[in-house]
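Position 239, counted from 1, in the sequence shown is what my numbering calls 241; the numbers after and before it change by one each time, with no gaps.
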Amino acid sequence: MRLIVAKDYTHLSRIAADKVENQVLLKPDSRIGTVTGASPAGMYLELVRRCQEEGLDFSEVSTVNTDEYAGLSGDHPQSYRYYLDHHFLEPCRIRRERTEVPRGDAKDLEEECRRYETFYRKNPVDLQILGIGHSGHIGFNEPEHYFPEETHMVSLAPETIAANAEYFDDPEQMPAKALTVGIGTLMQAKSILLLVSGKSKAEIVYRFLCGNITPEVPATVLRLHQNVTAVLDEDALSVVRQRAPERLRQLLG
Numbered sequence: 003m004r005l006i007v008a009k010d011y012t013h014l015s016r017i018a019a020d021k022v023e024n025q026v027l028l029k030p031d032s033r034i035g036t037v038t039g040a041s042p043a044g045m046y047l048e049l050v051r052r053c054q055e056e057g058l059d060f061s062e063v064s065t066v067n068t069d070e071y072a073g074l075s076g077d078h079p080q081s082y083r084y085y086l087d088h089h090f091l092e093p094c095r096i097r098r099e100r101t102e103v104p105r106g107d108a109k110d111l112e113e114e115c116r117r118y119e120t121f122y123r124k125n126p127v128d129l130q131i132l133g134i135g136h137s138g139h140i141g142f143n144e145p146e147h148y149f150p151e152e153t154h155m156v157s158l159a160p161e162t163i164a165a166n167a168e169y170f171d172d173p174e175q176m177p178a179k180a181l182t183v184g185i186g187t188l189m190q191a192k193s194i195l196l197l198v199s200g201k202s203k204a205e206i207v208y209r210f211l212c213g214n215i216t217p218e219v220p221a222t223v224l225r226l227h228q229n230v231t232a233v234l235d236e237d238a239l240s241v242v243r244q245r246a247p248e249r250l251r252q253l254l255g
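If you want it as structure tokens, here you go:
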């Protein structure tokens, strides 16, 4: 794993945008695995700017998102499909037929998981973007006693619900379940770009970088992938710097 330290969130977002831009320039028809949340938001904003002001061309890019809330249609303002359409895909002129997000309002959600798993496996991801949740989740793969392999339904952890409820006008409407691509499938990506920002993530970052590889902190499995670039800002690394400075020096080479 290559670790890059950003001085703050703005710096992190620019570094992340550089990584995505380089991927697109090297392989214009790249398939990018997308996620939503606070960590990649600044990166998407910067990519939109580069597309609209500097001519960064996404016309051949395809995307596939890791998850979606169960029960939400793609036109629901808090759905991940809606977010991506409005904050990344449409502003960067990525054609809708080149984008995939799980259908949270599918009549048979288990069948939708099987459909999505088949699609993900048949269409390899060149660059998978990920963040880490407060519970240590990647995608919506919450702490378990095992690493879920395939796309599946998941009950969201209390920490996840608490963190995401603020995006809903009525927090009580926050879904308690989601569809998510499994860890085994995420690990098939050719490369992974992990983004983590903020003091609120510092404790889980410490467990991610310094603890055992365990499904109780799902993100730790990324340490087994051969091509991960982790971009973390100083706030996210603050606990590691305090408790395990030698480990941080080791990771930085």
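Glycine residues also receive a C-beta, built at the ideal position from the N, C-alpha and C atoms. Please read these numbers as outputs of a predicted model, since none were measured by experiment.
Alpha-carbon spacing of residue i relative to residue j, whole angstroms
| i | j | result |
| --- | --- | --- |
| proline 220 | valine 230 | 15 Å |
| leucine 224 | glutamate 92 | 30 Å |
| leucine 196 | glutamate 112 | 28 Å |
| threonine 182 | threonine 68 | 6 Å |
| serine 64 | arginine 251 | 37 Å |
| serine 75 | arginine 209 | 35 Å |
| glycine 135 | lysine 203 | 8 Å |
| proline 126 | alanine 164 | 33 Å |
| arginine 1 | glutamate 70 | No information on residue 1 is available, as it lies outside the stretch 3 to 255 that the chain covers here. |
| glutamine 80 | valine 66 | 18 Å |
| cysteine 53 | histidine 147 | 42 Å |
| lysine 21 | glycine 73 | 33 Å |
| arginine 100 | serine 157 | 29 Å |
Span of the alpha helix (DSSP H) around residue i
| i | result |
| --- | --- |
| serine 41 | 40 to 56 |
| glutamine 244 | 240 to 245 |
| alanine 165 | 160 to 166 |
First through last residue of the beta strand (DSSP E) which encompasses residue i
| i | result |
| --- | --- |
| alanine 8 | 4 to 8 |
| aspartate 20 | No beta strand (DSSP E) contains aspartate 20, which is instead part of the alpha helix (DSSP H) from 11 to 28. |
| threonine 65 | 64 to 67 |
| arginine 33 | 33 to 36 |
Close Cβ partners of residue i (< 6 Å) along its chain, the five nearest in sequence each way excluded
| i | result |
| --- | --- |
| methionine 45 | Ser15, Ala18 and Ala19 |
| aspartate 10 | Asp235 |
Rounded Cβ spacing between residue i and residue j (contact assumed at less than 8 Å)
| i | j | result |
| --- | --- | --- |
| glycine 255 | glutamine 130 | No, glycine 255 and glutamine 130 are not in contact; Cβ-Cβ is about 23 Å, not under 8 Å. |
| glycine 133 | valine 37 | 6 Å |
Residues near residue i by beta carbon distance below 8 Å, same chain, minus five either side
| i | result |
| --- | --- |
| isoleucine 6 | Ile17, Thr231, Ala232, Val233 and Leu234 |
Contacting residues, own chain, Cβ-Cβ under 7 Å from residue i (five flanking each side not counted)
| i | result |
| --- | --- |
| serine 32 | Gln25, Val26, Val63, Asp128 and Leu129 |
Original post:
Curious, which full-length alpha helix (DSSP H) runs of at least 4 residues does the stretch 172 to 218 contain?
Top reply: Here the runs fully enclosed are 185 to 188 and 204 to 212.
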